[in-house]
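Counting from 1, one number per residue, gives the positions in the sequence shown under full-length UniProt numbering. Everything on this sheet refers to the single structure shown next.
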Amino acid sequence: MLAANSTIQATINRLQTEVDNLHTNLQGLQNSWQGVAATSFQELVGRWRITATTVQQQLGEVSIALAHAAKQYAEIEQANVRLFL
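In structure tokens form, the structure reads like this:
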């Protein structure tokens, strides 16, 4: 369970890094674009940022829940070991 939690946390971290990189690239594109289409694009990017923030918050919640579950699993496993000593 602890190994799975570590793997999932590493994946979450990679996803957050990729989202940050995407935001940087989108910002560069927004800064170089003008006109009506640029305004529409900026609105779309704004909606994407809201979605990305929500996803990142939910990934954080998943991470916390997995860490809690892994801790509880380890504690229960230790209690079970003590039953046979």
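A virtual CB, placed ideally from N, CA and C, is assigned to each residue, including glycine. The model shown is predicted, which means the values in this text are computed figures rather than measured ones.
query	result
Whole runs of the beta strand (DSSP E) within the region 3 to 72, excluding any shorter than 3 residues	none
CB of A52 within 8 Å of CB of V81, strictly	no
Cβ-Cβ distance between M1 and A69 below 8 Å	yes
Three-state secondary structure assigned by DSSP to L85	coil
CB-CB length for L66 against I8, believed under 8 Å	6 Å
Separation of T11 from S40, as counted between CA atoms	32 Å
Check whether Q42 and Q58 have beta carbons under 8 Å apart	no
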